[in-house]
Amino acid sequence: MLLIGNGTVLTLGQDNKVIAQGGVLIEGAKIKEIGDSAELRGRFPQAQFIDARGHLIMPGMINTHMHLYSTFARGMDAKSKPPKSFRDILEGLWWKLDKQLSLDDVYYSALGPLIECIKTGTTTIVDHHASPYAVTGSLNTMAKAAREIGVRAAFCYEVSERDGDKITEEGIKENADFIAACASQANPMVAGLFGLHASLTLSDRALAQCREAAQASGSGFHVHVAEGIEDLQDSLAKSGLRVVERLNKFGILGPKTVAAHCVHVNDAEIEILKETKTQVVHNPESNMGNAVGAAPVLKMLDSGVTVGLGTDGYTCDMFESAKVANVLQKHAAADPGVAWGEVPQMLYSNNPRIAENLFGGKFGELREGAWADVIVVDYIPPTPMTAANWSGHLLFGVSGRSVETTVVNGRVRMLNRELVGIDEEAILARSRELAQNLWERI
Ligand SMILES: [Zn+2]
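This is the structure:
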């Protein structure tokens with residue numbers, strides 16, 4: 425047993441409480457009890473004690489749209505002209521990088537950000553992967569990296585026809601095999617989704633084929649939806665339908681599907697997203713960086729669509745993503761009064777619901793029976809913090825680098841800013857070597 429105590433416990437969830445001098449008792453992979461720290465310590469003297477020293481004890485962060493493979497782009501010269509459009513970014517950067525990835529590159533490009541997740545308190549990620557010349561085995565390779573670092577992760581391979589039929593088939597098989605392996609293991613630390621790149625790189629035939637393969641496995645999809653205007657233009661040209669309409673026609677949407685972005689969606693498409701109970705994920709930094717527009721997040725939430733929050737590989741730090749989501753929506757609406765409630769809802773309520781759909785169990789809340797994904801944050805409030813105003817404290821007072829202890833599935837992965845059983849220096853040294861080699865191949 426493990427007792428994280430002597431801190432301010434922020435439980436979140438429906439019966440959100442702030443407990444001064446509180447503690448969280450963990451048994452195995454789940455939370456056993458929440459309460460007064462001294463009282464718990466008295467009753468469970470045998471539990472390993474982690475002293476939070478008055479800091480904040482709260483649920484781990486969840487990132488519902490991530491690209492671990494994007495790591496080696498950091499500092500890379502893609503030898504392209506400056507991008508003028510979203511398509512230029514795909515062709516000039518991402519599709520140059522992903523073609524060069526070997527399985528060894530995939531492994532090391534995953535380890536680095538997974539360590540960063542532990543350091544910034546992100547305990548669960550939903551990844552979207554591409555390595556067209558190293559498809560087979562790529563998802564298992566990343567699952568191995570996630571297991572070693574100790575981050576809960578869902579993986580998928582993005583099927584795309586941009587590299588020809590053989591690679592398309594390989595992508596379909598990689599998804600199906602990985603989903604089947606996850607189903608047979610029933611391991612709450614790993615899950616599979618069926619990955620699709622986006623409508624703009626998939627023909628009707630491929631969409632139908634993917635739907636058939638995914639249905640056989642009982643899985644939902646993880647797909648980029650109407651991220652750039654190009655996706656909408658392509659869909660209209662191909663089918664006369666808008667992106668959400670086209671994907672819906674092929675049975676890609678639904679309560680198990682994760683639709684990243686949804687920037688260029690109209691009211692009719694929002695209605696379809698709601699009706700199909702599709703889970704949308706907003707990625708504010710990525711959208712701003714790619715200059716693709718501001719997703720109608722407030723409208724989607726208002727219409728009853730489940731919208732979560734991701735990073736699209738921009739960062740591992742969900743506190744950062746929330747800060748940007750907050751200012752982006754205010755800026756786009758030219759209204760300083762909006763998004764105060766919606767951004768916390770995306771990160772602290774909707775992301776846990778998306779994770780529960782993928783992994784089962786209870787997420788995003790410190791309570792008996794929930795997964796023991798718990799972080800200690802170096803934050804002592806300068807003003808009173810209550811169950812009513814906690815989100816303002818997190819928004820303005822906390823960043824990922826404030827996290828000092830990270831526990832995932834009951835396992836301590838970082839204790840007082842020391843990683844546990846992870847040789848970060850050696851991993852990042854090898855990562856730099858492989859990145860250099862990859863850059864030379866571009
Ligand atoms: Zn993405």
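According to the numbering used here, the stretch in the sequence shown is residues 425 to 866, in order. Backbone N, C-alpha and C fix where the C-beta goes; we use that ideal spot for every residue, glycine too. Keep in mind the model is a prediction, meaning the values are calculated, not measured.
Looking only at C-alpha atoms, which of Phe783, Asn775, Ala757 and Cys541 sits nearest to Gly437?
Asn775
CA nearest to the CA of Arg511, picked from Leu752, Phe468, Asn714 and Asp736:
Asn714
Helix, strand or coil at Asp475 according to DSSP, with G and I counted as helix
strand
When burial is assigned at 16 or more other CB atoms within 10 Å of the CB, is Ala692 buried or exposed?
exposed
Length of the line joining the Cα atoms of Val705 and Arg629
26 Å
In chain order, what residues of the same chain have a beta carbon less than 6 Å from the beta carbon of Ser826, not counting five sequence neighbours either side?
Val801, Asp802 and Tyr803
Which term fits Thr830, buried or exposed, when burial requires 16 or more other beta carbons within 10 angstroms of its beta carbon?
buried
Could you tell me the distance, in whole angstroms, from the CA atom of Ala794 to the CA atom of Gly784?
10 Å
Pick out whichever of Val716, Ile539 and Gly595 has its Cα sitting closest to the Cα of Ala577.
Ile539
Considering only heavy atoms of ligand 1, does any lie closer than 6 Å to the CB of Ala610?
no
Just to confirm the assignment: which complete alpha helix (DSSP H) runs, minimum length 4, are found wholly within the segment 669-732?
691-699, 708-713 and 721-726
Run of the beta strand (DSSP E) containing Gly816, from where it starts to where it stops
Here Gly816 belongs to no beta strand (DSSP E); instead the alpha helix (DSSP H) covers Trp814 to Gly821.
Say whether the segment 619-627 touches the segment 652-671, bearing in mind that this needs 3 or more beta-carbon pairs closer than 8 Å, one atom from each stretch.
yes
I'd like the span of the beta strand (DSSP E) that includes Ile455, first residue to last.
Lys454 to Asp460
Where does Val844 sit, in a helix, a strand or coil, going by DSSP?
coil
Burial state of Thr810, where buried means 16 or more other Cβ atoms lie within 10 Å
exposed
So Thr435 is in the alpha helix (DSSP H); what residue range does that whole segment cover?
No alpha helix (DSSP H) holds Thr435; DSSP gives it neither H nor E.
To the nearest angstrom, how far is the alpha carbon of Asp475 from that of Asp589?
56 Å
Residue from Arg841, Asn707, Ala604 and Gly824 whose Cα sits closest to the Cα of His491
Asn707
Let's see if you can read the secondary structure: which residues bound the alpha helix (DSSP H) around Val751?
Met742 to Ala757
Ala684 Cβ short of 6 Å to ligand 1 heavy atom set
yes
Quick check on DSSP: helix, strand or coil for Pro839?
What sits at residue 839 in the sequence shown is Leu, not Pro. Three-state result, Leu839: strand.
Check each candidate in Ile676, Thr700 and Leu660 and name the one with the smallest Cα separation from His688.
Leu660
4 or more residues per run - each alpha helix (DSSP H) lying fully within the segment 607-677:
628-641, 653-663 and 667-673
Contacting residues, own chain, Cβ-Cβ under 6 Å from Lys698 (five flanking each side not counted)
Ser727, Gly728 and Val729
Evaluate Thr681 with the Cβ neighbour count: other Cβ atoms within 10 Å of its Cβ, from every protein chain shown; 16 or more gives buried, anything less gives exposed.
buried
Quick one: measure Cβ to Cβ for Glu582 and Ala554, integer angstroms, because I've assumed they're closer than 8 Å.
5 Å
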